[in-house]
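Engineer: Dumping the structure here so I can ask a few things about it.
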Amino acid sequence: MLVELTALIRREYLRWIRAPMWIVAGLMTPILYLLLFGQAFNLGALVGNVPGGPVVLSRALWGAPDYFSYFAVGMVGLVAVTSALFAGTGVIFDKQLGIMQRTIATPVRRSTIFASILIFRGFLVVLPIFIVLGLALTFAHIPGLVGLTVTQPVGADGVAEVVLAIFILAIAFTSLFLAFGFLFARVESYFGVVNLLNLPILFTSNALYPVGTEPAWLQNITAYNPISLAVDVMRETFFGTTYYPHPVLVYLLGLLAWAAALVAVALLLAARALATK
Amino acid sequence: MLRSPTGEATLTDAIQVEDLEKTYPPAVRAVQGVSFAVHPGEIFGFLGPNGAGKTTTVSMLTTLLRPTKGRAAVAGLDVAEQPAEVRREIGLVFQDSTADGELTGRENMILAGGLFGMRPSECRGRIDELLGRMDLTEAADRRVKGYSGGMKRRLELAVAMVHTPKILFLDEPTIGLDPQGRAGFWRYIKELRQEQQVTIFMTTHYLDEVENLCDRIAIIDHGRIIASGTNDSLKERVGGDLVELRVPADGADLTETLGSVPGVREVSREANIYRVKCPRAEGLVSALVKACDLAGVTVEGVTVQRPSIDRVFLELTGKAYREEGYDDGRAAQASVFHTRGRGGR
Numbered sequence: 001m002l003v004e005l006t007a008l009i010r011r012e013y014l015r016w017i018r019a020p021m022w023i024v025a026g027l028m029t030p031i032l033y034l035l036l037f038g039q040a041f042n043l044g045a046l047v048g049n050v051p052g053g054p055v056v057l058s059r060a061l062w063g064a065p066d067y068f069s070y071f072a073v074g075m076v077g078l079v080a081v082t083s084a085l086f087a088g089t090g091v092i093f094d095k096q097l098g099i100m101q102r103t104i105a106t107p108v109r110r111s112t113i114f115a116s117i118l119i120f121r122g123f124l125v126v127l128p129i130f131i132v133l134g135l136a137l138t139f140a141h142i143p144g145l146v147g148l149t150v151t152q153p154v155g156a157d158g159v160a161e162v163v164l165a166i167f168i169l170a171i172a173f174t175s176l177f178l179a180f181g182f183l184f185a186r187v188e189s190y191f192g193v194v195n196l197l198n199l200p201i202l203f204t205s206n207a208l209y210p211v212g213t214e215p216a217w218l219q220n221i222t223a224y225n226p227i228s229l230a231v232d233v234m235r236e237t238f239f240g241t242t243y244y245p246h247p248v249l250v251y252l253l254g255l256l257a258w259a260a261a262l263v264a265v266a267l268l269l270a271a272r273a274l275a276t277k
Numbered sequence: 001m002l003r004s005p006t007g008e009a010t011l012t013d014a015i016q017v018e019d020l021e022k023t024y025p026p027a028v029r030a031v032q033g034v035s036f037a038v039h040p041g042e043i044f045g046f047l048g049p050n051g052a053g054k055t056t057t058v059s060m061l062t063t064l065l066r067p068t069k070g071r072a073a074v075a076g077l078d079v080a081e082q083p084a085e086v087r088r089e090i091g092l093v094f095q096d097s098t099a100d101g102e103l104t105g106r107e108n109m110i111l112a113g114g115l116f117g118m119r120p121s122e123c124r125g126r127i128d129e130l131l132g133r134m135d136l137t138e139a140a141d142r143r144v145k146g147y148s149g150g151m152k153r154r155l156e157l158a159v160a161m162v163h164t165p166k167i168l169f170l171d172e173p174t175i176g177l178d179p180q181g182r183a184g185f186w187r188y189i190k191e192l193r194q195e196q197q198v199t200i201f202m203t204t205h206y207l208d209e210v211e212n213l214c215d216r217i218a219i220i221d222h223g224r225i226i227a228s229g230t231n232d233s234l235k236e237r238v239g240g241d242l243v244e245l246r247v248p249a250d251g252a253d254l255t256e257t258l259g260s261v262p263g264v265r266e267v268s269r270e271a272n273i274y275r276v277k278c279p280r281a282e283g284l285v286s287a288l289v290k291a292c293d294l295a296g297v298t299v300e301g302v303t304v305q306r307p308s309i310d311r312v313f314l315e316l317t318g319k320a321y322r323e324e325g326y327d328d329g330r331a332a333q334a335s336v337f338h339t340r341g342r343g344g345r
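Chains C and Y, in that order, give the protein sequences.
In terms of the working numbering, the first sequence is residues 1 to 277.
In terms of the working numbering, the second sequence is residues 1 to 345.
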């Protein structure tokens, strides 16, 4: 089974490495966000000099020392969605080109086919996330740039929680978009639905802006958004527990539930797409 | 597994099909109860016009489609009950190229080996051998998207053979190739069969393909097999040669005169052309012309047609064989502009 899995992942990898423009464009978007949007949008400067301003700001930003630090963690969610939304396209092309048909006609197990796609597409989601996070942390040490400032010591368990949150989030979104890849026969239908989903997912999360000012109904939705859950794990680890109603583990478990559900849906649709008619 | 009437498993045939049926919902009966057997080591041609049910049949034999009714055993394994085992024993060449264009020929073959559980190191020798056999050694490390149509077809053959299958299925393997490319491809298939001892089941809608390549054929039309056997046995059915005599339009009727010439089996007339059926045309042509002369009619032209599969088709169905929209099968051979439409379903 491992031989088959390796062979399938190797093919995906070779295709990917041979389209350098695709890679560059994929990585540039989040970096531009960090460099331009993140550096320009300085909430702190607006309220910084008002008496009591820093406290208000700190509460609004859930403990983050400045907007960039708040936003840089949120970028993990944004990057997860924007990189994962291409996950299903490969499946559609393989179906159209008959490559899927050829694969199905071999003794390879259907679960192995699914696993190879999930692993490789998941890797394509995780990779830019770590680059963005690493860059944001580096910015904090470069004079003249605002960076992601961690306000409390993060131990090995903290790092593990952050890494785990990133991986689970990547699996959740990759599965979501893979499900549509297995469902649809045409790229047009795929992107129609994906574009429709993309923004609501982002805007009902705490990734980009402070959620304290949102109406209550929206706050309720936001709290359960998978991006919010992953971001809460990271913010609580980086900026302290003061403003967070739950320990990190609760958010992680919520995220895990999302991932399990989405993997199950993707598996179901994959089984249907790969079945003998 | 199929059972013989005595209840014993019959493993002698590479493929055994009994009363196989496929109905697409709601009621499209693509294949309506076909039965045939393919012997080990032969090239079996499944001939029929587009939409006759060829691809549907292949898809069932290769476990990609579930039969609605009937049974099929491939390499002695039931396609419905042991699909995974069947897949181990078969190689597939589809109508359209399924190699990954972004990968090189060799990488595609390594992938194919991997899908059958072979590590790259395990199949390296086999891959080199097949690449050489298909004259692709030089192109092996170039990306497939730059291959010519013929090279892509040969790579498909090589890819399908990596795991040393017992039975090779070719679905319209030469569609889209020019006549020269097709003739070249036949040579590769023949060599492959000889060297690898593989049984080959192929669908085609080209008449010359079955005449040049196949040991035995089955003709399918509208989801039913209308004839099967060797090329020669099928040709015997149409009653030997056909002599066509063209005479001036204003001449007297010669049907009786020609019919009385010894050796003539049947005479028919269409305007100023007489069609004379006979077991052998040799020696008869001059007698026919002489008979016309004696009746005072000068023959303007004579053609002799050997028995051919398209005549078999004509005799059995009462209509000319349709080859990609051409009424005359022979005309299509000259055309290289085949649409890449998926036949079958």
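Idealized CB from N, CA, C, for every residue including glycine.
Just so we're clear, the structure is a prediction, and the values are computed from it rather than from any experiment.
Go ahead and pull the three-state DSSP assignment for Phe166 (chain Y).
Structural biologist: A quick correction: the sequence has Lys, not Phe, at residue 166 (chain Y). Reduced to three states, the DSSP call for Lys166 (chain Y) is coil.
Engineer: Less than 7 angstroms between C-beta atoms, sequence neighbours within five positions excluded: which residues of the same chain meet that for Val31 (chain Y)?
Structural biologist: Closer than 7 angstroms at the Cβ level, and outside the excluded window around Val31 (chain Y), lie Leu20, Glu21, Lys22, Gly53, Thr56, Thr57, Gly223.
Engineer: Using a 10 Å radius around the Cβ and a threshold of 16 neighbouring Cβ atoms, would you call Glu156 (chain Y) buried or exposed?
Structural biologist: Buried, because 16 or more other Cβ atoms sit within 10 Å of the Cβ of Glu156 (chain Y).
Engineer: For the alpha helix (DSSP H) holding Lys290 (chain Y), just list the boundary residues, first then last.
Structural biologist: That run of the alpha helix (DSSP H) goes 285-294.
Engineer: Please name the residue in C:Leu169, C:Val233, C:Glu214 whose C-alpha comes closest to that of Val154 (chain C).
Structural biologist: With distances taken between Cα atoms, Val154 (chain C) lies closest to C:Val233.
Engineer: List, in order along the chain, the chain A residues whose C-beta lies closer than 8 angstroms to that of Val3 (chain C)?
Structural biologist: Of the chains in the structure shown, none is chain A; the protein chains are C and Y.
Engineer: Taking DSSP as the reference, what is the three-state secondary structure of Lys277 (chain C)?
Structural biologist: It is coil, neither helix nor strand.
Engineer: Can you pull the chain C residues whose beta carbon is under 8 angstroms from the beta carbon of Arg154 (chain Y), in chain order?
Structural biologist: Simply none; closest approach about 16 angstroms.
Engineer: Taking the alpha helix (DSSP H) that Met161 (chain Y) belongs to, which residues open and close that run?
Structural biologist: Start and end: 149-161.
Engineer: Check the Cβ of Arg87 (chain Y) against every Cβ in chain C and list those closer than 8 angstroms, keeping chain order.
Structural biologist: In chain order: Ala105, Thr106, Pro107.
Engineer: Of all Cβ atoms in chain C, is any one closer than 9 angstroms to the Cβ of Thr63 (chain Y)?
Structural biologist: Yes, Thr63 (chain Y) lies at the interface with chain C (some Cβ there is under 9 angstroms from its Cβ).
Engineer: Specify the secondary structure class of Glu324 (chain Y) as computed by DSSP and reduced to three states.
Structural biologist: Per-residue confidence for Glu324 (chain Y) stands at a pLDDT of 49, beneath the threshold of 50, marking its modelled position as unreliable; the derived number appears in the next sentence. Looking at Glu324 (chain Y) - three-state DSSP - the assignment turns out to be coil, as it is neither helix nor strand.
Engineer: If you pair each beta-carbon of the stretch 234-244 of chain C with each one of the stretch 54-63 of chain C, do three or more pairs fall below 8 angstroms?
Structural biologist: Yes: the two stretches touch, three or more of their Cβ pairs being nearer than 8 angstroms.
Engineer: Would Ser175 (chain C) and Leu118 (chain C) be called neighbours here (beta carbons separated by less than 9 angstroms)?
Structural biologist: Yes, they are a contact pair.
Engineer: Could you list the residues in the stretch 127-140 of chain Y with a C-beta less than 8 angstroms from some C-beta on chain C, going in chain order?
Structural biologist: If the cut-off is 8 angstroms between Cβ atoms, the stretch 127-140 of chain Y has nothing near chain C.
Engineer: Quick check on Ala84 (chain Y) - is its C-beta less than 9 angstroms from some C-beta in chain C?
Structural biologist: It does; some Cβ of chain C falls within 9 angstroms.
Engineer: Are the CB atoms of Thr63 (chain Y) and Ala105 (chain C) within a distance shorter than 9 angstroms?
Structural biologist: Contact flag set, yes.
Engineer: With Leu97 (chain C) and Thr98 (chain Y) assumed to form a contact (beta carbons below 8 angstroms), what rounded beta-carbon distance in angstroms separates them?
Structural biologist: Yes, they are in contact, since the Cβ atoms of Leu97 (chain C) and Thr98 (chain Y) sit about 7 angstroms apart, within 8 angstroms.
Engineer: Flag this pair as yes or no: are the beta carbons of Thr104 (chain Y) and Val162 (chain Y) separated by less than 9 angstroms?
Structural biologist: Result no, Cβ atoms of Thr104 (chain Y) and Val162 (chain Y) do not sit closer than 9 angstroms.
Engineer: In this structure, how does DSSP classify Met134 (chain Y) when only helix, strand and coil are distinguished?
Structural biologist: Three-state result, Met134 (chain Y): coil.
Engineer: Let me check understanding here. Comparing Cα to Cα, which of C:Tyr13, C:Tyr67, C:Thr82 lies closest to Met289 (chain C)?
Structural biologist: Nothing about residue 289 (chain C) can be read from this structure; chain C reaches only from 1 to 277.
Engineer: Pull the bridge partners of Lys69 (chain Y) from the DSSP assignment, please.
Structural biologist: Lys69 (chain Y) is bridged to Y:Glu21.
Engineer: For Ile278 (chain C), I'd like the list of residues in its chain whose CB is within less than 7 angstroms of its CB, leaving aside the five on either flank, ordered along the chain.
Structural biologist: Look at the range of chain C in this structure, 1 to 277, and you will see that residue 278 (chain C) is not part of it.
Engineer: Could you check the C-alpha separation between Pro51 (chain C) and Ile129 (chain C) for me, to the nearest Å?
Structural biologist: Looking at the two C-alpha atoms, the distance is approximately 37 angstroms.
Engineer: So what does DSSP say about Glu89 (chain Y), is it helix, strand or coil?
Structural biologist: It is helical.
Engineer: Using a cut-off of 7 angstroms between C-beta atoms, extract the partners of Gln96 (chain C) located in chain Y.
Structural biologist: Near Gln96 (chain C) there are no residues of chain Y at all, since even the closest Cβ is about 10 angstroms away, more than 7 angstroms.
Engineer: Any heavy atom of the ligand PLP inside 8 angstroms of the beta-carbon of Glu188 (chain C)?
Structural biologist: In the structure on display, the ligand PLP does not appear, and there are no ligands present to speak of.
Engineer: For Ile273 (chain Y), is the classification buried or exposed, using 16 other Cβ atoms within 10 angstroms of its Cβ as the cut-off for buried?
Structural biologist: Result: exposed.
Engineer: Work out the CA separation of Tyr33 (chain C) and Val150 (chain C) for me, nearest whole Å.
Structural biologist: In a straight line, the C-alpha of Val150 (chain C) is about 20 angstroms away from that of Tyr33 (chain C).
Engineer: Where does His141 (chain C) land, buried or exposed, given buried means 16+ other C-beta within 10 angstroms?
Structural biologist: When all chains shown are included, His141 (chain C) counts as exposed.
Engineer: Strictly below 8 angstroms CB to CB, what residues from chain C border Thr98 (chain Y)?
Structural biologist: Those are Leu97, Gly98, Ile99, Gln101, Arg102, listed as they occur along chain C.
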